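Engineer: FYI, in this note's numbering the residues of the sequence shown are -17 to 172.
All C-beta atoms in this analysis are idealised placements derived from N, C-alpha and C, irrespective of residue type, glycine included.
In this text the structure is predicted, and so the values were computed from the model without any measurement.
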Amino acid sequence: MVVIGGKAANGECLNDAHQLNLTTLKWTKCVASGEHGLTGCHSHRSAVWKDCIAVYGGLDKNDIPTNRLYMLTILDDHHLELNEVKCHPSLPARYSSSCLVHNDSLVIVGGVEWNLEMPEVILVDLLSHKASFVQLQLPKEPLLFCGTTCVLLDGENKDGSSLKVALFSGGANCFSFGTYFNKTPHLLQC
């Protein structure tokens, strides 16, 4: 298990990485190499693809949303290689989304960004780095796409059928409208 960045109890945005050996239950601090080092970030999301981990978005040390997508490769117990992926078109700056991998695509669901007209789902082809944006038909009841967990329902859709994702939890706190939590799991089709 790899933990990248995060936020300390004192509010400091962390820019380190640690690996937990699931057999010995011992933590090891990792050194990251590559074109970009680790930058302080929290509220980002990740998903495993082949022998890499895709890490997307989050808030930087100034709590500004980022649009970075990195591919992280575990070289050994102490070393990680980190390479930034430049997508076309560029990804929006977003945090608190959900991510999963379907075939060779990173599926980014929801999250928070400062553009009020954001697409609910972003599909990133991890081979070509091409991004596409999907607006969903949403239910009439309010549905918040931040702090959610998503699970792929139909594993292989090579026949052209739509991608089906179950969306669980989610909600937000706001000083003006209070606290709202999504009431039930929702089925999303892309």
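(1) Buried or exposed for His111, please, with buried defined as at least 16 other CB atoms from any protein chain shown within 10 angstroms of its CB.
(2) Note down, one range per segment and in chain order, each beta strand (DSSP E) of at least 3 residues found wholly within the region 19 to 86.
(3) For Pro71, count the other beta carbons within 10 Å of its own beta carbon; 16 or more makes it buried, fewer makes it exposed. Which is it?
(4) Using the three-state DSSP reduction, which class does Lys165 fall into: helix, strand or coil?
(5) So what's Trp96 in DSSP terms, helix, strand or just coil?
(6) Classify Gly175: buried if its beta carbon has 16 or more other beta carbons within 10 angstroms, exposed otherwise.
(7) So, helix, strand or coil for Ala(-9), using DSSP?
(8) For Asp107, tell me which candidate among Glu(-6), Cys69 and Asn49 has the shortest Cα-Cα distance.
(9) Please report the residue range of the beta strand (DSSP E) in which Leu105 lies.
(10) Label Gly173 either buried or exposed according to how many other C-beta atoms from any shown protein chain fall within 10 Å of its C-beta, with 16 as the threshold for buried.
(11) What are the partner residues of Gln1, as DSSP defines its beta bridges?
(12) Below 9 Å between beta carbons: does that hold for Leu2 and Val(-16)?
(13) Could you check whether Glu102 and Pro74 sit closer than 9 Å to each other, using their CB atoms as the reference points?
(14) Looking at the structure shown, is Leu149 part of a helix, part of a strand, or coil, going by DSSP?
(15) Can you name the start and end residues of the beta strand (DSSP E) that Leu134 belongs to?
(16) Would you kindly work out how many angstroms separate the C-alpha atoms of Leu105 and Leu64, rounded to a whole number?
Structural biologist: Taking the coordinates as given:
(1) exposed
(2) 27 to 31, 34 to 38, 51 to 56, 61 to 66 and 80 to 84
(3) exposed
(4) coil
(5) Here Trp96 sits in coil by DSSP.
(6) The chain is shown from -17 up to 172; residue 175 falls before or after that span and cannot be answered.
(7) coil
(8) Cys69
(9) Val103 to Asp107
(10) Because the chain here runs from -17 to 172, residue 173 falls outside it and cannot be looked at.
(11) Checking the DSSP bridge columns, you'll see Gln1 partnered with Val(-16) and Thr10.
(12) yes
(13) Taking 9 Å as the Cβ cut-off, Pro74 and Glu102 do not qualify as a contacting pair.
(14) strand
(15) Its beta strand (DSSP E) spans residues Thr130 to Leu134.
(16) 21 Å
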